[in-house]
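Colleague: The sequence shown begins at 80 in the numbering used here and counts up one residue at a time.
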Amino acid sequence: MAGVAEVSALRAEALARIDAAADAQALDAVRIEWLGRKAGRITVLLKAIPSVPPGERAAFGQAVNALKAAVAERLEARKAALEAVRQEGPAVDVTLPGRRLALGKLHPITRATREMIEIVGRLGFEVVEGPEVEDEWHNFVGLNIPPDHPARDPLDNYYLKDQVLLRTQTSTVQVRIMENRKPPVRVVAPGRVYRPDTVDAGHSNMFHQLEGLWVEQGVTFADLKSVLSMFARAFFGPAVRTRFQPSYFPFTEPSAEMYVSCLLCAGAGCPMCKRTGWIEILGCGMVDPNVFEAVGYDPEAVTGFAFGMGIDRQAMLKYGITDIRLLFENNVRFLRQF
Ligand SMILES: [Zn+2]
80 MAGVAEVSAL RAEALARIDA AADAQALDAV RIEWLGRKAG RITVLLKAIP SVPPGERAAF
140 GQAVNALKAA VAERLEARKA ALEAVRQEGP AVDVTLPGRR LALGKLHPIT RATREMIEIV
200 GRLGFEVVEG PEVEDEWHNF VGLNIPPDHP ARDPLDNYYL KDQVLLRTQT STVQVRIMEN
260 RKPPVRVVAP GRVYRPDTVD AGHSNMFHQL EGLWVEQGVT FADLKSVLSM FARAFFGPAV
320 RTRFQPSYFP FTEPSAEMYV SCLLCAGAGC PMCKRTGWIE ILGCGMVDPN VFEAVGYDPE
380 AVTGFAFGMG IDRQAMLKYG ITDIRLLFEN NVRFLRQF
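(1) Looking only at its chain, what residues have a beta carbon closer than 7 angstroms to the beta carbon of VAL243, apart from the 5 residues adjacent to it on each side?
(2) Mind reading off the beta-carbon distance from ASN284 to ARG271? Whole number of angstroms is fine, and I expect it under 8 angstroms.
(3) So is ALA268 buried or exposed if we call it buried at 16+ other beta carbons inside 10 Å?
(4) Residues in the same chain with beta-carbon distance under 7 angstroms from ALA332, minus the five sequence neighbours each way, listed in chain order, please.
(5) List the endpoints of the continuous alpha helix (DSSP H) containing THR122.
(6) Tell me, which residues are paired with ALA159 by DSSP?
(7) Which residue from PRO187, LEU89, PHE371 puts its Cα closest to that of LEU222?
(8) Considering only residues of the same chain and omitting the five flanking positions on each side of ASN218, which have a CB-CB separation below 7 angstroms?
(9) Run through DSSP, which three-state label would PHE384 get?
(10) For ligand 1, which residues have a Cβ under 7 angstroms from at least one heavy atom, in chain order?
(11) Using only the alpha-carbon positions, how far apart do GLY291 and ARG260 sit?
(12) If I follow the unbroken alpha helix (DSSP H) through ALA105, where does it start and stop?
(13) How would you label ILE400, buried or exposed, when you count the other beta carbons within 10 angstroms and need 16 or more for buried?
(14) By DSSP, does SER283 sit in helix, in strand, or in coil?
(15) Going by DSSP, name the residue or residues bridged to CYS349.
(16) Hey, which unbroken runs of the beta strand (DSSP E) at 3 residues or more fall wholly within the region 238-321?
(17) Let me know if ILE111 comes out buried or exposed under the rule of 16 or more other beta-carbons within 10 Å of its beta-carbon.
(18) So for ALA343, helix, strand or coil by DSSP?
(19) As a quick exercise: from PRO132, ALA149, HIS282, ALA385, pick the residue whose alpha carbon is nearest that of ARG90.
(20) Are the region 338-354 and the region 380-395 touching, with three or more C-beta to C-beta distances below 8 angstroms?
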């Protein structure tokens, strides 16, 4: 059995072990070694007190209890010191891997629209907008489309009530702008239009158009050609060639369709351009004098041209999208590619 001297000698060993514990786990191991309920080294000594000869018992008991008190006190002190260090440490563990942010992207339609607006903006065109719910005056009458015109068939339009419908074209904004402004007018109107088409790879009953209008004294077909050719080269690339083909629209005279050389085969002929080497991208023409009269402009004083194109169609051509429905399904795996 250890004597009082040995018990006192243990004190230095126990305190050194406590001070050497580097963290809470190590400190707990030291505590169990010395004060553990069953086999702690001090616990064993405490249990041995009754078996010490009566003459030495009091001194021995006193020594063991003093050791226990000293060890318990140093354990508390060390624990507090370790906790203080942990709290003072940096709030953010800079060694942890970062959390990846889910970055959003612009929808291809938004991207194409913004790019178009930027290009025509450089040519002096201002962006204007109009309502998607229109009356017959702005959607048809003001655009020189008479009541018996097939475009006004109720089956070809989303009528909401008598004489009120979802606009079928952004040309409506032309009429609204000319009603409210005196020339010169140089505007583009991007927006959604609605037609009850059967939905397939090439058609949607909702799509986007960009309408342009330039009215001023002395605007000619040469201005139309140069503005639209510049637009095509800026949007599709400097190598693209353009071609104008006579066409018919009720609100322009003369009217034309503009073609660009096929983006895929550069004019050689391929399935995308139906072997012609050309792709139609927009309709255009000189504003019909009847339209000027309808909005109160003097057709003898000003001339102008208008153009309209499908934004979805241009985006599909530019980004190589083959099915218009992909644009509106909002499948993230598709949209992430752009
Ligand atoms: Zn081609």
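Every residue, glycine too, gets a C-beta built ideally from N, C-alpha and C.
Modeller: So, from the data block:
(1) VAL212, ASP214
(2) The Cβ separation is near 11 angstroms, so there is no contact.
(3) buried
(4) A small fix is needed here, since residue 332 is Glu in this sequence, not Ala. Only GLY364, MET365, ASP367 meet the Cβ criterion.
(5) 120-127
(6) None, per the DSSP bridge assignment.
(7) PHE371
(8) LEU244, ARG246, THR247, THR251
(9) strand
(10) CYS341, LEU343, CYS344, ALA347, GLY348, CYS349, MET351, CYS352, GLY356
(11) 15 angstroms
(12) 103-114
(13) buried
(14) coil
(15) According to DSSP, CYS349 bridges with nothing at all.
(16) 238-240, 243-245, 264-273, 285-295
(17) exposed
(18) Per the sequence presented here, residue 343 reads as Leu, with Ala not at that position. Of the three classes helix, strand and coil, the one that applies to LEU343 here is coil, per DSSP.
(19) ALA149
(20) no
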